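S.K.:
There are 2 protein chains.
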Amino acid sequence: MVGIGNALVDVIAHADDSFLVEHQLVKGSMALIETDRAVELYRDLGSAVEMSGGSAANTMCGVASLGGRAAYIGKVSRDDLGAVFGHDLHAVGVAFRPGTPSPDTPTGRCIIVVTPDAQRTMNTYLGVSSLLGAADLHESTIADGDVLYMEGYLFDRDDAKAAFRRAADVAHAAGRRVSLTLSDSFCVDRHREDFRQLVREHVDILFGNGDELCALYELGSLEDAMEAVRRECPLVAVTTGADGSFVVTSDGTVQVAAEPVDRVLDTTGAGDLYAAGFLYGITSGESLVDCARLGSIAAAEVISHVGPRPLVELRTLVR
Amino acid sequence: MVGIGNALVDVIAHADDSFLVEHQLVKGSMALIETDRAVELYRDLGSAVEMSGGSAANTMCGVASLGGRAAYIGKVSRDDLGAVFGHDLHAVGVAFRPGTPSPDTPTGRCIIVVTPDAQRTMNTYLGVSSLLGAADLHESTIADGDVLYMEGYLFDRDDAKAAFRRAADVAHAAGRRVSLTLSDSFCVDRHREDFRQLVREHVDILFGNGDELCALYELGSLEDAMEAVRRECPLVAVTTGADGSFVVTSDGTVQVAAEPVDRVLDTTGAGDLYAAGFLYGITSGESLVDCARLGSIAAAEVISHVGPRPLVELRTLVR
Chain E
1 MVGIGNALVD VIAHADDSFL VEHQLVKGSM ALIETDRAVE LYRDLGSAVE
51 MSGGSAANTM CGVASLGGRA AYIGKVSRDD LGAVFGHDLH AVGVAFRPGT
101 PSPDTPTGRC IIVVTPDAQR TMNTYLGVSS LLGAADLHES TIADGDVLYM
151 EGYLFDRDDA KAAFRRAADV AHAAGRRVSL TLSDSFCVDR HREDFRQLVR
201 EHVDILFGNG DELCALYELG SLEDAMEAVR RECPLVAVTT GADGSFVVTS
251 DGTVQVAAEP VDRVLDTTGA GDLYAAGFLY GITSGESLVD CARLGSIAAA
301 EVISHVGPRP LVELRTLVR
Chain V
1001 MVGIGNALVD VIAHADDSFL VEHQLVKGSM ALIETDRAVE LYRDLGSAVE
1051 MSGGSAANTM CGVASLGGRA AYIGKVSRDD LGAVFGHDLH AVGVAFRPGT
1101 PSPDTPTGRC IIVVTPDAQR TMNTYLGVSS LLGAADLHES TIADGDVLYM
1151 EGYLFDRDDA KAAFRRAADV AHAAGRRVSL TLSDSFCVDR HREDFRQLVR
1201 EHVDILFGNG DELCALYELG SLEDAMEAVR RECPLVAVTT GADGSFVVTS
1251 DGTVQVAAEP VDRVLDTTGA GDLYAAGFLY GITSGESLVD CARLGSIAAA
1301 EVISHVGPRP LVELRTLVR
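If you're matching them up, the sequences are chains E and V in order.
Going by our numbering, the first residue of the first sequence is number 1, and it counts up by one from there.
Going by our numbering, the first residue of the second sequence is number 1001, and it counts up by one from there.
See below:
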């Protein structure tokens, strides 16, 4: 599997709902922030813990934890956080293809506020991660991967959009499959037509939650959105939190239950790890229902603790 | 309270005992390492989490968490980890006095390997933290503090030794008390005579575990070491892990039980937080037994989770 996304280090802190209100943060969303806002939010937050994140990078770590082989393409800087990001991929056996250096722009970070209800509210200072362009694609790595996995969060700048299309072309030319996660309903709102074109023309496997799918088609009901996407993409996995997930194909729709969790501590990484399990299942020749179950098991592990990557070997857990 | 110590960010990873054997690490100890060794250990370690540490800094955070007022003197660089360290002090209300900048030397870090038995083995790359000298002391802060708390880890270079003596003089001239933690038996071995002189001439309250106290007097029995220290220091708190702690004064010795813990996950910070509770008790006018109990409660909280600083408000816990 080959992932492409925003290479970010997460800065995770706990705060009450009043912190979200005071700082006008929309719970559960991801907001892009500039330096001033990052400084302000970080200053006002309590003690934090730093750990590698980045949606597609989390997914690739999940694939490696399940026993798969994974590579990751994303940009970091030559600073402490860039070193942390590279180390944590290497540590779980994910091959890191960092692209060409862009001096003077720091490694990106995502300030994550975890509220007592375990919801995460993300504020991303993209830094160098958003400068990824077609020149940063390690094309032989993409051509070697069974499935290319791209993160919608990155699909915000024209360079990155061009890189996504180029990456999809490279993968398809090598006979590979292309997958995409919609990542965020606000991101989908900002680039709806581009996303729809990408899905129609390039995507074989689409991931998204209910909100994101509804945003993609500007529809109020998930059922209608699933009908719409069925006509445009051969395989779609839709996550709906505690209600589990739906697998949508031209044959129909199957709902698969979520894996039970004793106590949800931090939902960061839930969608990322669902995609890891699902894609690992796809490349292992599992049935679609079992792919969704693998996704649910991986997601259940990551929401049971603070942090966006598995703390146990998922290959042992799913056995 | 005013703390002085090595300002470090902890890089925490879990590993099996075989990792310690392969890398010739002595379980439970702290080793000072140079750049090459830091690179090698970090490369071979699994996924890590970064969070602020530094023994005396952890203690000051504990004091703040108990409701006390604390300041911290220690050196960081203008890099990502330096920013993390400063933020995490500020976040809990500890006033940070970082001393004069020393460009080109990075912020120090401590690579902590946590084994399945919850023991931590520390490998410290000191970076700029060890460059603290008398010129970095914020003397008006020291004079304002009820108790000065100094970390033996820092007592390794001549500049730092001179800084400790100067800091103690400033505190005593202002009518304040001076406390010291021995930090590490290897550090005590390296500087035994200097430590003994420091204790005799400058220290009102001494902290150490059994090994450290035995190392200080080159004695094989803790009982003998407690007799030796009783003649040289008016108040000594000796931690002995699950066996609790001893409070040694000229009046005698009292043993206080450890606070029970459901499950010990990571012993990092146990001594630091014991000192926080004990000193908070001292400045609040508690009896010595209650000081030791406060220390035990604070230590029990920090060993119940990964990371060297409290995750809950200790003031609520001890109420």
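In this text, a Cβ means the ideal position worked out from N, Cα and C, and glycines have one as well.
What you are looking at is a predicted structure, and each value in this text was computed from that prediction instead of being measured.
1) Step through the CB atoms of chain V and report whether any lies within less than 9 Å of the CB of residue 120 of chain E.
2) If you check the beta carbons only, do residue 64 of chain E and residue 92 of chain E fall under 9 Å apart?
3) Of all Cβ atoms in chain E, is any one closer than 9 Å to the Cβ of residue 1042 of chain V?
4) Taking only three categories from DSSP, how would you classify residue 35 of chain E?
5) In terms of alpha-carbon separation, which member of E:291, E:280 and E:138 lies closest to residue 147 of chain E?
6) Sort out for me which residues DSSP pairs residue 14 of chain E with in a bridge.
7) Using a 10 Å radius around the Cβ and a threshold of 16 neighbouring Cβ atoms, would you call residue 135 of chain E buried or exposed?
8) Could you give the distance in angstroms between the alpha-carbon of residue 1246 of chain V and the alpha-carbon of residue 1213 of chain V?
9) Just curious, the beta strand (DSSP E) that residue 1395 of chain V is in, first and last residue?
10) For the alpha helix (DSSP H) that residue 227 of chain E lies in, which residues bound it at each end?
11) Would you tell me roughly how many angstroms separate the C-alpha atoms of residue 1055 of chain V and residue 88 of chain E, rounded to the nearest one?
12) Residue 1047 of chain V versus chain E: which residues are under 7 Å apart at the beta carbon?
13) Starting from residue 1120 of chain V and walking both ways along the beta strand (DSSP E), at which residues does that stretch end?
14) Could you tell me whether the Cβ atoms of residue 73 of chain E and residue 175 of chain E are closer together than 9 Å?
15) When you compare the CB positions of residue 1046 of chain V and residue 1071 of chain V, do they come within less than 9 Å of one another, or not?
16) Counting C-beta neighbours from all protein chains within 10 Å, is the total for residue 1257 of chain V 16 or more, i.e. buried, or is it exposed?
17) Is there a Cβ of chain V sitting closer than 9 Å to that of residue 84 of chain E, yes or no?
18) Could you pull the DSSP bridge partners for residue 1073 of chain V from this structure?
19) On a Cα-Cα basis, can you pick out the residue from E:76, E:114 and E:97 that is closest to residue 106 of chain E?
20) DSSP three-state call for residue 1180 of chain V: helix, strand or coil?
21) Should residue 1301 of chain V be labelled buried (16 or more other beta-carbon atoms within 10 Å of its own) or exposed?
22) Below 8 Å, is the gap between the Cβ of residue 1270 of chain V and the nearest heavy atom of the ligand GDP?
23) Output, in sequence order along the chain, the residues in the segment 49-81 of chain E whose CB is closer than 9 Å to any CB in chain V.
24) Could you tell me whether the Cβ of residue 1225 of chain V comes closer than 9 Å to any Cβ of chain E?
25) Hey, does residue 268 of chain E have any beta-carbon neighbour from chain V nearer than 9 Å?
26) Suppose you measure from the CA of residue 1058 of chain V to the CA of residue 211 of chain E; what does that come to, to the nearest Å?
27) For a test of the three-state rule: what should DSSP assign to residue 1134 of chain V, helix, strand or coil?
28) Could you have a look at residue 1173 of chain V and say whether DSSP puts it in helix, strand or coil?
29) Chain E beta carbons: is any one of them nearer than 9 Å to that of residue 1035 of chain V?
30) Go through its chain and collect everything with a Cβ distance to residue 182 of chain E's Cβ below 6 Å, but skip five positions before and after it.
31) If you run the structure through DSSP and keep just helix, strand and coil, what is residue 24 of chain E?
32) Assuming residue 249 of chain E and residue 235 of chain E make a contact with CB atoms under 8 Å, what is their CB distance in whole Å?
33) How should residue 11 of chain E be labelled, buried or exposed, when 16 other C-beta atoms within 10 angstroms of its C-beta is the threshold for buried?
34) Mind checking who residue 246 of chain E pairs with in its DSSP beta bridge?
35) Where does the unbroken alpha helix (DSSP H) through residue 314 of chain E begin, and where does it stop?
36) So the candidates are E:68, E:242 and E:149; which of them puts its Cα closest to the Cα of residue 199 of chain E?
M.R.: Reading it off the structure:
1) Taking the first residue of the first sequence as 1, we reach residue 120 of chain E at position 120. No Cβ of chain V is located within less than 9 Å of the beta carbon of residue 120 of chain E.
2) For the purposes of this step, residue 64 of chain E is taken as the residue at position 64 of the first sequence. For the purposes of this step, residue 92 of chain E is taken as the residue at position 92 of the first sequence. Yes, the pair counts as a contact, with Cβ atoms nearer than the cut-off.
3) Within the second sequence, the letter at position 42 stands for residue 1042 of chain V. For residue 1042 of chain V, a Cβ of chain E is located within less than 9 Å of the residue's own Cβ.
4) In the first sequence, the residue the question calls residue 35 of chain E occupies position 35. If DSSP states are grouped into helix, strand and coil, residue 35 of chain E belongs with the helices.
5) Reading the first sequence from its first residue, position 147 is the one you call residue 147 of chain E. If we check each option's Cα against that of residue 147 of chain E, E:280 comes out closest.
6) Sequence index remark: in the first sequence, residue 14 of chain E carries index 14 (1-based). The partner list for residue 14 of chain E (beta bridge, DSSP) reads E:114.
7) Mapped onto the first sequence, residue 135 of chain E falls at position 135. Result: exposed.
8) Here residue 1246 of chain V is taken as the residue at index 246 of the second sequence, counted from 1. Here residue 1213 of chain V is taken as the residue at index 213 of the second sequence, counted from 1. Between residue 1246 of chain V and residue 1213 of chain V, the C-alpha separation is close to 12 Å.
9) For chain V, the structure presents residues 1001 to 1319; residue 1395 of chain V sits outside this window and is missing.
10) As a first step, residue 227 of chain E must be located in the first sequence, where it is residue number 227. For residue 227 of chain E, the uninterrupted alpha helix (DSSP H) segment begins and ends at 222-230.
11) The residue given as residue 1055 of chain V occupies position 55 in the second sequence. The residue given as residue 88 of chain E occupies position 88 in the first sequence. Taking the straight line from one Cα to the other gives about 25 Å.
12) Residue 1047 of chain V sits at position 47 when you count from the first residue of the second sequence. The contacting residues are 88, 91, 92 and 309.
13) In the second sequence, the residue the question calls residue 1120 of chain V occupies position 120. From DSSP, the beta strand (DSSP E) with residue 1120 of chain V extends over 1120-1125.
14) Taking the first residue of the first sequence as 1, we reach residue 73 of chain E at position 73. Taking the first residue of the first sequence as 1, we reach residue 175 of chain E at position 175. Their beta carbons are not under 9 Å apart, which means residue 73 of chain E does not touch residue 175 of chain E by this criterion.
15) Against the second sequence, residue 1046 of chain V aligns to sequence position 46. Against the second sequence, residue 1071 of chain V aligns to sequence position 71. No, the pair does not count as a contact, with Cβ atoms beyond the cut-off.
16) Here the question's residue 1257 of chain V lines up with position 257 in the second sequence. With fewer than 16 other Cβ atoms within 10 Å, it is exposed.
17) Translated into the one-based positions of the first sequence, residue 84 of chain E becomes position 84. When Cβ-Cβ separations below 9 Å define contact, residue 84 of chain E makes contact with chain V.
18) The residue you call residue 1073 of chain V lines up with position 73 of the second sequence. BP columns for residue 1073 of chain V point to V:1004 and V:1097.
19) Position 106 of the first sequence holds residue 106 of chain E. With distances taken between Cα atoms, residue 106 of chain E lies closest to E:76.
20) Here residue 1180 of chain V refers to the residue found at position 180 when the second sequence is read from its first residue. Assignment of residue 1180 of chain V by DSSP, reduced to helix, strand and coil, places it in the strand class.
21) For the purposes of this step, residue 1301 of chain V is taken as the residue at position 301 of the second sequence. The residue in question, residue 1301 of chain V, is buried, as its Cβ has 16 or more Cβ neighbours within 10 Å.
22) Inclusion of the ligand GDP in the displayed structure is not the case, the ligand content being empty and no account of it being possible.
23) Result list: 49, 50, 51, 52, 61, 79, 80 and 81.
24) Indexing the second sequence from 1 puts residue 1225 of chain V at position 225. Output row for residue 1225 of chain V: interface = no.
25) Stepping through the first sequence from its first residue, residue 268 of chain E is reached at position 268. Using a CB distance cut-off of 9 Å, residue 268 of chain E does not count as an interface residue toward chain V.
26) Taking the first residue of the second sequence as position 1, residue 1058 of chain V is located at position 58. Taking the first residue of the first sequence as position 1, residue 211 of chain E is located at position 211. So the two alpha carbons sit approximately 42 Å from each other.
27) Position 134 of the second sequence, counted from the start, is the residue given in the question as residue 1134 of chain V. Correct three-state label for residue 1134 of chain V: helix.
28) Within the second sequence, numbered from 1, the residue matching residue 1173 of chain V stands at position 173. Judged by DSSP in its simplified three-state form, residue 1173 of chain V adopts helix.
29) As a working mapping, residue 1035 of chain V is identified with position 35 in the second sequence. For residue 1035 of chain V, the answer is no, since every Cβ of chain E falls outside 9 Å of its Cβ.
30) Reading the first sequence from its first residue, position 182 is the one you call residue 182 of chain E. Cβ within range, chain order: 152, 188, 208 and 212.
31) Within the first sequence, residue 24 of chain E is the residue found at index 24, counting from 1. Here DSSP, grouped into helix, strand and coil, assigns residue 24 of chain E to coil.
32) Position 249 of the first sequence, counted from the first residue, corresponds to residue 249 of chain E. Position 235 of the first sequence, counted from the first residue, corresponds to residue 235 of chain E. With a Cβ gap of about 6 Å, residue 249 of chain E and residue 235 of chain E count as contacting.
33) Residue mapping note: residue 11 of chain E aligns to position 11 of the first sequence, counting from 1. Of the other Cβ atoms in all chains shown, 16 or more fall within 10 Å of the Cβ of residue 11 of chain E; this residue is therefore buried.
34) On the first sequence, position 246 is the one that residue 246 of chain E refers to. Looking at the DSSP assignment, residue 246 of chain E forms a beta bridge with E:238 and E:255.
35) Walking along the first sequence from the start, residue 314 of chain E turns up at place 314. It spans 314-318 - the alpha helix (DSSP H) in which residue 314 of chain E sits, taken as one unbroken run.
36) Position 199 of the first sequence, counted from the start, is the residue given in the question as residue 199 of chain E. Of E:68, E:242 and E:149, the residue nearest in Cα terms is E:149.
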